[in-house]
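Take a look at the structure set out below.
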Amino acid sequence: MSNTHTASPAPELNRDRVIIRTSVIGILANVLLAAFKAFVGIVSHSIAVTLDAVNNLSDALSSIITIVGTKLSGRLPDKKHPLGYGRIEYLSAMIVSGIVLYAGITSAVESVKKIFHPEQPDYSVVSLVIIAVAVLVKIFLGRYVKAQGRKVNSGSLVASGSDALFDAILSASVLACAVVFMATGLSLEAYVGTVISVFIIKSGVEMMIETLNEILGMRADKEVTDRIKALLTEDDEVRGAYDLILYNYGPDKDYASVHLELPDTMTVREVDRLTRRLEAKVYRETGVILTGVGLYSYNTRDDEAARIQNDVRQRVLAHDWAVQLHGFYVDTAAKEMQFDVVMSFDIQPKEGLAVLQEEIRKAYPGYSVTIAPDVDVSVSD
Numbered sequence: 000m001s002n003t004h005t006a007s008p009a010p011e012l013n014r015d016r017v018i019i020r021t022s023v024i025g026i027l028a029n030v031l032l033a034a035f036k037a038f039v040g041i042v043s044h045s046i047a048v049t050l051d052a053v054n055n056l057s058d059a060l061s062s063i064i065t066i067v068g069t070k071l072s073g074r075l076p077d078k079k080h081p082l083g084y085g086r087i088e089y090l091s092a093m094i095v096s097g098i099v100l101y102a103g104i105t106s107a108v109e110s111v112k113k114i115f116h117p118e119q120p121d122y123s124v125v126s127l128v129i130i131a132v133a134v135l136v137k138i139f140l141g142r143y144v145k146a147q148g149r150k151v152n153s154g155s156l157v158a159s160g161s162d163a164l165f166d167a168i169l170s171a172s173v174l175a176c177a178v179v180f181m182a183t184g185l186s187l188e189a190y191v192g193t194v195i196s197v198f199i200i201k202s203g204v205e206m207m208i209e210t211l212n213e214i215l216g217m218r219a220d221k222e223v224t225d226r227i228k229a230l231l232t233e234d235d236e237v238r239g240a241y242d243l244i245l246y247n248y249g250p251d252k253d254y255a256s257v258h259l260e261l262p263d264t265m266t267v268r269e270v271d272r273l274t275r276r277l278e279a280k281v282y283r284e285t286g287v288i289l290t291g292v293g294l295y296s297y298n299t300r301d302d303e304a305a306r307i308q309n310d311v312r313q314r315v316l317a318h319d320w321a322v323q324l325h326g327f328y329v330d331t332a333a334k335e336m337q338f339d340v341v342m343s344f345d346i347q348p349k350e351g352l353a354v355l356q357e358e359i360r361k362a363y364p365g366y367s368v369t370i371a372p373d374v375d376v377s378v379s380d
């Protein structure tokens with residue numbers, strides 16, 4: 000069964016406005032900083048300051064990509080993409096992380112070159128003041144962009160904010176090197192630049208891995224799945240909620256399917272009313288759209304069936320790799336038994352299925368036993 004909900008456009012529009020506004024602020028700040036740093040770097044012959052200016056330009060480019068990604072992901076669903084374009088944001092976040100990684104590698108290469116072919120920088124008080132102001136601006140900008148990214152669940156903004164904070168550290172190290180050089184004549188900027196580049200590369204790799212995980216699909220957050228299952232099982236008719244799978248189609252665009260265990264006495268009309276009510280409740284409380292609700296029935300009139308179920312449950316769950324048993328139904332007259340078993344990733348499904356089939360058939364000769372193996376996607380601990 001399915002039910003399609005149309006979310007109010009207001010939250011989406013507000014989210015897009017926040018992302019675009021924050022990105023525009025980042026572009027303006029980075030372009031101004033790049034201009035000032037480029038001037039200081041050229042005048043003072045400082046490779047570290049010049050690289051810092053280039054890094055600011057890459058940050059501005061990252062913000063532009065974030066805006067483009069937000070605009071594209073906000074396109075309305077169409078015939079070709081009926082679930083929308085939300086996942087484009089993950090691609091834009093991947094591009095931003097790639098820019099961060101490239102900036103780190105470039106900085107490392109240039110810094111190493113300067114270790115072998117050093118140039119004596121020539122700093123002035125004005126240049127130091129500009130670099131100090133840049134550090135403060137970058138700290139404020141990084142914290143602001145990262146906070147806004149977390150507020151609206153934008154991976155691109157969070158990545159840009161993290162990059163800006165690393166830039167603040169880079170600029171601070173350049174400032175420290177300048178002070179040391181002016182005080183002692185010792186030039187450390189190439190060495191410090193190399194170290195900082197390693198941290199920037201590390202940050203870029205981590206951002207890329209995190210975004211790649213989003214694209215591939217990760218296990219749903221336990222707090223969210225537990226909340227949905229709790230909402231579903233609040234009704235007296237629902238004995239259990241199983242096989243809950245969340246499908247993500249972009250930030251804050253989550254769909255789900257689930258199986259409910261209901262008594263075998265319910266009519267189709269009663270089931271229809273129940274599932275419609277539950278779909279509306281889950282969407283209202285969590286924002287997750289239940290697109291599919293499957294059903295398991297359980298015996299309500301046969302004491303022998305209840306005894307068999309308890310025995311089978313004990314036998315199955317005696318195995319460490321058997322996480323959960325559900326959807327159990329047995330017809331003692333026809334000698335038919337069926338149930339689902341959630342298996343951990345410690346065993347291959349075929350192997351676990353063979354073990355259980357042999358064990359249950361030995362315990363209940365003459366029964367036709369059907370066991371469906373399930374993947375441990377969102378089972379509560």
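In case it helps, numbering that gives the first Met the number 0 puts the sequence shown at residues 0 to 380. All residues carry an ideal CB built from backbone N, CA and C; glycine is no exception.
Please classify Ala-321: does DSSP put it in a helix, a strand, or coil?
Looking at Ala-321 - three-state DSSP - the assignment turns out to be strand.
List in chain order: all unbroken alpha helix (DSSP H) runs of 4+ residues lying wholly within the stretch 134-162.
none
If Val-315 sits next to Val-340, beta carbons under 8 Å apart, how far is it from one beta carbon to the other, in whole angstroms?
6 Å
Leaving out five residues on either side along the sequence, give the residues of the same chain with a beta carbon under 7 Å from the beta carbon of Leu-60.
Ile-98
Which same chain residues end up closer than 8 Å to Gln-147 when comparing Cβ atoms and leaving out the 5 residues on each side of it in sequence?
Val-17, Ile-18, Thr-21, Ser-153, Leu-156 and Gly-160
Which stretch, first to last residue, makes up the beta strand (DSSP E) that contains Asn-247?
239-247
Beta-carbon contacts of Ile-168 that lie in its chain and below 7 Å, excluding the five residues immediately before and after:
Ile-195
With Met-342 as the anchor, note down where its alpha helix (DSSP H) starts and where it stops.
The continuous stretches of alpha helix (DSSP H) do not include Met-342, which lies in the beta strand (DSSP E) extending over residues 335-342.
Report the option in Leu-261, Ser-256 and Leu-245 whose CA atom is closest to the CA atom of Arg-238.
Leu-261
Does Gln-347 pass the burial test, meaning 16 or more other C-beta atoms within 10 Å, or should it be called exposed?
exposed
If the criterion is Cβ atoms closer than 8 Å, does the pair Leu-100 and Gly-203 meet it?
It is a contact, given that the beta carbons lie within the stated cut-off.
Cα-Cα, which of Phe-38, Ser-256, Cys-176 and Thr-105 is closest to Leu-294?
Of the listed residues, the one whose Cα sits closest to Leu-294 is Ser-256.
In the DSSP output, which residue or residues are listed as bridge partners for Ile-114?
According to DSSP, which records beta bridges pairwise, Ile-114 is partnered with nothing at all.
Indicate whether Leu-211 and Ile-227 have their beta-carbon atoms separated by less than 8 Å.
no
Would Ala-107 pass as a contact of Lys-137 if the rule is Cβ separation under 8 Å?
Contact annotation: Ala-107 and Lys-137 have beta-carbon atoms that are not nearer than 8 Å.
Asp-373 versus Asp-234: straight-line alpha-carbon distance, rounded
25 Å
Thinking C-beta only, is Val-39 closer than 8 Å to Gly-48?
Note that residue 48 corresponds to Val in the displayed sequence, not to Gly. Yes, the pair counts as a contact, with Cβ atoms nearer than the cut-off.
Would a C-beta distance cut-off of 8 Å place Val-270 and Leu-230 closer than the cut-off?
Going by C-beta atoms, Val-270 is not nearer than 8 Å to Leu-230.
Report the CB separation of Tyr-366 from Phe-327 in whole angstroms; it is logged as a contact under 8 Å.
Wrong, their Cβ atoms sit about 13 Å apart, outside the cutoff.
Taking C-beta to C-beta, are Met-217 and Ser-96 nearer than 8 Å?
no
When the distance is taken between beta carbons, is Leu-32 closer than 8 Å to Ala-175?
no
Please work out which residues of its chain come closer than 7 Å, Cβ to Cβ, to Ile-26, disregarding the five sequence neighbours upstream and downstream, and give them in chain order.
Ala-59, Ser-62 and Ile-63
Check for me: the alpha helix (DSSP H) holding Thr-290 runs from which residue to which?
Looking at the DSSP string, Thr-290 is not in any alpha helix (DSSP H); the run it does join, the beta strand (DSSP E), is 288-297.
Inter-stretch contact at 8 Å, needing at least 3 Cβ pairs: the stretch 183-192 / the stretch 65-85:
They do not touch, by the three-pair rule.
Quick one: Cα of Arg-360 to Cα of Asn-309, how far?
Cα-Cα distance, rounded: 16 Å.
For Met-0, collect the residues of the same chain with a Cβ closer than 6 Å to its Cβ; drop the 5 residues on either side in sequence, then sort them by chain order.
The predicted model places Met-0 with a pLDDT of 40, which falls under 50 and marks its position as unreliable; any figure quoted below should be read in that light. Excluding residues within five positions, the ones whose Cβ falls inside 6 Å are Thr-274 and Val-292.
Which same chain residues, not among the five before or five after Tyr-241, have their C-beta less than 6 Å away from its C-beta?
His-258 and His-325
Thr-299 vs Asp-263 beta-carbon contact at 8 Å:
yes
If contacts are defined as beta-carbon pairs under 8 Å, then Val-178 and Leu-185 qualify, I think. What distance do you get, rounded to the angstrom?
That belief does not hold up - the Cβ atoms of Val-178 and Leu-185 are roughly 11 Å apart, past 8 Å.
Cα separation between Arg-248 and Gly-83?
According to the sequence provided, residue 248 is Tyr. The question's Arg does not apply to it. Rounded to the nearest angstrom, the two C-alpha atoms are 7 Å apart.
What do you get for Lys-36, buried or exposed, if any count of 16 or more other CB atoms within 10 angstroms of its CB means buried?
buried
May I have the straight-line CA-CA distance separating Leu-381 from Asp-220, to the nearest angstrom?
Here the chain covers residues 0 to 380 and nothing more, so residue 381 does not appear.
Using the Cα positions of Arg-312 and Met-93, report the straight-line distance between them to the nearest angstrom.
45 Å
Beta-carbon gap between Ser-170 and Ile-130 smaller than 8 Å
yes
Would a C-beta distance cut-off of 8 Å place Ile-104 and Ile-200 closer than the cut-off?
yes
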